[in-house]
Amino acid sequence: MSYVLPGDVLTLPTPPPKSLKLGPGLLMLHTPGNPVIAHRPGVLHSTQKQQHWVETESRRYIPASQESVIGVITYRAAEAYRVDIGGAHQASLDVLAFESATKRNRPMLKVGNLVYARVSLANRDMDPELECFDATTRKADGFGELKDGFIVECSLGTCRKLLDSKHFLLPSLAQKFPFEVAVGMNGRVWLRAGSVKATVAISRAIEMLDDRQTSDEEVAAFVQHMDV
Amino acid sequence: MPREVEPSINQREFISSAIQEGIRADGRAPLQARQMVIRFGNELGWVECSLGKTRVIAQVCATVTRPFLERPFEGIIVINSEFSPMASSAYETGRPSEEEVTISRMLEKTIRRSEALDREALCILAGQKVSIVWVWTLRVTLHFLSDEGNLLDCACVAAMAVLRHFRKPDIEVVGDEVTVFPPEERAPVPLALHHQPMCVSFAFLGPKNALVVDPTHLEEQLANGTMSISLNAQREICVLQKAGGVALPADEVMRAVNVAVLRVRELNDIVTKALEKDSKTRVIEVR
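As you go down the protein sequences, you meet chains Y and E in turn. The UniProt record's numbering puts the first residue of the first sequence at 1, with every later residue one more than the last. The UniProt record's numbering puts the first residue of the second sequence at 1, with every later residue one more than the last.
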């Protein structure tokens, strides 16, 4: 694990690999030699397949294509919805971008509804676009409107932790009581449990995980002693 | 930055169904406030207050100036409370938002208009003509670092704590000559405070307008109405502010006042304890 600061140049193997994949936080310059530099401070992750990215403990979401996000509908037009996904710009969600949606059979979402969607387009100088189906199967696959429940806001790093299947928090909570959860990469976690108390308990646990002053052991102890 | 996005329908419904069961989204009871944490800086007159994730820094500086023409025997207190995008991306510099105006007015009323500070004690040299009068000008600057609801209470505690923490340089007047002593020569003197008013904010949530104290940001956004009461530990109400929102019966207001009294006493204790703890770490010579 190595740390990078903005402007740091990545050392790549010579000759340069044929396929190089750069994730968030990295940029290839169009100067002689095409050096790859970091433009965010954080932990540099690399794989054998020459995939590189920088993980930053930030709270501000920058849309990236193929990420799952949770958004709030803010405006409803004839052909598309405007959705707040916590980024600098609102995203647009086509009314036909739902499973088995047609001109006649379109989803009925109101302003203020929540959707779980996938960022289908995130160009630098355009508003991001969302889709509520899987790119290959065109099935809903969990995407779509999120009914009831509650939203917890946390840092993007916490979201990545929760998405990691090896992380202890969600499995240990699931041993206590059943619940549904949808983790957006934009710092929002939607959750729905059987009772208000259980929902509050999960949101407290996630907020504790998000708080840098509480350690993982304390969060685990909180979950253990939870009385719901 | 445009207006903040309104909370989703799901959140509104969850908060209102939870409050009917007597639970709040962060697990607190309706009349339970978050813990107030006070931290003093190295200098006298610098304090950081935090209420959960809400954070405010307050700082005081004193300068010697001429008084206002119409109040020649009184010192001047200026409270600077400008929001910056630091607190939340919804705030802009230069364009005061509604919250900013409300908070500035409340602080003004709570601290200045309630005469918490003895302004006549800030007069250095009195005289018939304003041109020879000198007074202290105290400038209280508040920096709002993060807004997670109830900035007003946090700012109010920070402002009162910083005024109690601050000491102005000692002075000596011989005839028309005024000498201001640097802190190395003579120990600075504390300000003269008449009383310690604090502000307690409430929100009314859900279909039954349940009373909650110390609302979070989400609760503030979803509230049917809010109310702020400034009072001191002697149960003297300085300000009661309720700008619009839901209509309340008188006994509900009285209930809020009684809750506020207890909260203000608690806050006063916290500030006093923090000041005592801080003063033990400092050496202020008295000659």
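Glycine included, each C-beta is placed from N, C-alpha and C at the ideal position. Quick caveat: nothing in here was measured; it's all calculated off a predicted structure.
Q: List the residues of chain Y whose Cβ lies closer than 9 Å to the Cβ of Asp26/E, in chain order.
A: Translated into the one-based positions of the second sequence, residue 26/E becomes position 26. Neighbours of Asp26/E on chain Y, chain order: Val200, Ser203, Arg204 and Glu207.
Q.
Could you pull the DSSP bridge partners for Phe166/E from this structure?
A. By one-based count along the second sequence, residue 166/E stands at place 166. Beta-bridge pairing links Phe166/E to no other residue.
Q | Selection of the region 79-113 of chain Y by Cβ proximity to chain E, strictly under 8 Å | A | Asp84, Lys110, Gly112 and Asn113
Q) Since Asn113/Y contacts Ile9/E with CB under 8 Å, what's their CB separation in whole angstroms? A) Working through the first sequence from its first residue, we reach residue 113/Y at position 113. Working through the second sequence from its first residue, we reach residue 9/E at position 9. Yes, Asn113/Y and Ile9/E are in contact; Cβ-Cβ is about 6 Å, under 8 Å.
Q.
For Lys280/E and Leu142/E, I'd like the C-alpha separation in whole angstroms.
A. Within the second sequence, numbered from 1, the residue matching residue 280/E stands at position 280. Within the second sequence, numbered from 1, the residue matching residue 142/E stands at position 142. Answer to the nearest angstrom: the Cα atoms are 25 Å apart.
(Q) For Glu131/Y, report the span of its alpha helix (DSSP H) as first-last. (A) For this step, residue 131/Y is matched to residue 131 along the first sequence. Element bounds for Glu131/Y: not the alpha helix (DSSP H) but the beta strand (DSSP E), Glu129 to Cys132.
Q) Is the CB of Asp148/Y under 9 Å away from at least one CB in chain E? A) Residue numbering aside, residue 148/Y sits at position 148 when the first sequence is read from its first letter. At least one chain E Cβ lies under 9 Å of Asp148/Y.
Q. Leaving out five residues before and five after Ile202/Y in sequence, what residues of the same chain have Cβ atoms less than 7 Å from its Cβ?
A. Taking the first sequence and counting its residues from 1, one reaches residue 202/Y at position 202. Excluding residues within five positions, the ones whose Cβ falls inside 7 Å are Leu173, Phe179, Leu191 and Ala193.
(Q) Taking the alpha carbon of Val4/Y as the reference point, which residue from Leu93/Y, Lys18/Y, Phe143/Y and Arg40/Y has its own alpha carbon closest? (A) As a position in the first sequence, residue 4/Y is number 4, starting the count at 1. Of Leu93/Y, Lys18/Y, Phe143/Y and Arg40/Y, the residue nearest in Cα terms is Arg40/Y.
Q) With contact counted as at least three CB pairs below 8 Å, one residue from each stretch, are the region 256-272 of chain E and the region 219-239 of chain E in contact? A) yes
Q) Taking C-beta to C-beta, are Gln66/Y and Ala117/Y nearer than 9 Å? A) For this step, residue 66/Y is matched to residue 66 along the first sequence. For this step, residue 117/Y is matched to residue 117 along the first sequence. It is not a contact, given that the beta carbons lie outside the stated cut-off.
(Q) Give me the DSSP bridge partner(s) of Val9/Y. (A) Working through the first sequence from its first residue, we reach residue 9/Y at position 9. Its beta-bridge partners are Ile37/Y.
**Q.** Nonlocal neighbours in the same chain, by C-beta distance under 6 Å from Gln234/E, ignoring five residues either side
**A.** As a working note, residue 234/E is residue 234 in the second sequence. Within the same chain, Gln234/E has no close Cβ partners at all.
Q | Contact set between Phe14/E and chain Y, taken where Cβ atoms lie within less than 8 Å | A | As a first step, residue 14/E must be located in the second sequence, where it is residue number 14. Within 8 Å Cβ-Cβ: Asp148, Gly149, Phe150, Val196 and Thr199.
Q | Integer-rounded CB distance, given that Pro30/E should sit under 8 Å from Val212/E | A | Taking the first residue of the second sequence as 1, we reach residue 212/E at position 212. Taking the first residue of the second sequence as 1, we reach residue 30/E at position 30. About 5 Å; that satisfies the 8 Å criterion.
Q.
Check whether chain Y comes within 9 Å of Glu74/E, counting only Cβ atoms and requiring the distance to be less than that.
A. For the purposes of this step, residue 74/E is taken as residue 74 along the second sequence, with counting starting at 1. Taking Cβ atoms only, chain Y never reaches closer than 9 Å to Glu74/E, which makes this a no.
Q | Per-residue DSSP class, three states only, for Ser89/E | A | Along the second sequence, read from residue 1 onward, the residue named residue 89/E stands at position 89. Residue state, collapsed to three classes: coil.
Q. Is Thr223/E close to chain Y, meaning its C-beta is less than 9 Å from at least one C-beta of that chain?
A. Taking the first residue of the second sequence as position 1, residue 223/E is located at position 223. In the sequence under discussion, the amino acid at residue 223/E is Ala, which differs from the Thr named in the question. No, its Cβ sits nowhere closer than 9 Å to a Cβ of chain Y.
Q: With a 10 Å radius around its C-beta and 16 neighbouring C-beta atoms as the bar for buried, classify Ile132/E as buried or exposed.
A: The sequence position of residue 132/E within the second sequence is 132, counting from 1. Label assigned to Ile132/E: exposed.
Q. What does Arg55/E pair with, by DSSP beta-bridge criteria?
A. If you number the second sequence from 1, residue 55/E lands on position 55. Partner(s): Ser50/E and Ser146/E.
Q: At 3 residues or longer, and completely inside the region 157-193 of chain Y: list those beta strand (DSSP E) runs for me, N to C.
A: 179-183 and 188-193
Q: Have a look at Pro183/E and Arg167/E and give me their C-alpha separation to the nearest angstrom.
A: The residue you call residue 183/E lines up with position 183 of the second sequence. The residue you call residue 167/E lines up with position 167 of the second sequence. C-alpha separation (whole angstroms): 10 Å.
Q: Answer with buried or exposed for Gln35/E, where buried requires no fewer than 16 other C-beta atoms within 10 angstroms of its C-beta.
A: By 1-based counting over the second sequence, the position of residue 35/E is 35. Exposed, since its Cβ has fewer than 16 Cβ neighbours within 10 Å.
Q: Anything in chain E within Cβ reach of Thr56/Y, meaning under 8 Å, just list it in chain order.
A: What you label residue 56/Y is simply residue 56 of the first sequence in a count that begins at 1. Within 8 Å Cβ-Cβ: nothing; Thr56/Y doesn't reach chain E, min ~18 Å.
Q | Residue-chain proximity (Pro7/E, chain Y), Cβ-Cβ < 9 Å | A | The residue labelled residue 7/E in the question sits at position 7 within the second sequence. Chain Y contact via Cβ: present.
Q) Are the CB atoms of Val140/E and Ile77/E nearer to each other than 9 Å? A) For the purposes of this step, residue 140/E is identified with residue 140 of the second sequence, where counting begins at 1. For the purposes of this step, residue 77/E is identified with residue 77 of the second sequence, where counting begins at 1. The answer is yes: Cβ separation under 9 Å.
Q) Enumerated in chain order, which unbroken segments of the alpha helix (DSSP H) with a length of 4 residues or greater are wholly contained in the region 201-237 of chain E? A) 217-222
Q: Per DSSP, which residues does Asp94/Y bridge with? Please list them.
A: Taking the first residue of the first sequence as 1, we reach residue 94/Y at position 94. Ala80/Y, per the DSSP bridge assignment.
Q. Does any CB atom of chain Y fall closer than 9 Å to the CB of Gln234/E?
A. Reading the second sequence from its first residue, position 234 is the one you call residue 234/E. Output row for Gln234/E: interface = no.
(Q) Considering only their Cβ atoms, is the gap separating Glu115/E from His217/E smaller than 9 Å? (A) Here residue 217/E is taken as the residue at index 217 of the second sequence, counted from 1. Here residue 115/E is taken as the residue at index 115 of the second sequence, counted from 1. Contact: no.
Q | Cβ-based contacts, 7 Å cut-off: residues of the region 115-132 of chain Y near chain E | A | none
Q: Could you name the residues of the UniProt domain "Exoribonuclease phosphorolytic" (32-169) of chain E whose beta carbon sits closer than 7 Å to any beta carbon of chain Y, in the order they occur along the chain?
A: none
(Q) Let me see if you follow: with CB-CB separation under 9 Å, is Glu21/E close to chain Y or not? (A) The residue labelled residue 21/E in the question sits at position 21 within the second sequence. Yes, because at least one Cβ of chain Y sits closer than 9 Å to the Cβ of Glu21/E.
Q | Which of helix, strand or coil DSSP assigns to Ala62/E | A | In the second sequence, counting from the first residue as 1, residue 62/E sits at position 62. DSSP places Ala62/E in strand when its eight states are reduced to three.
Q. By the criterion of Cβ-Cβ separation under 9 Å, what are the contact partners of Ala18/E in chain Y?
A. As a position in the second sequence, residue 18/E is number 18, starting the count at 1. What Ala18/E touches in chain Y: Phe150, Val196, Lys197, Thr199 and Val200.
Q. What residue does the alpha helix (DSSP H) around Phe222/Y start on, and which one ends it?
A. Numbered from its first residue, the first sequence carries residue 222/Y at position 222. Segment Asp216 to Gln224, the alpha helix (DSSP H) holding Phe222/Y.
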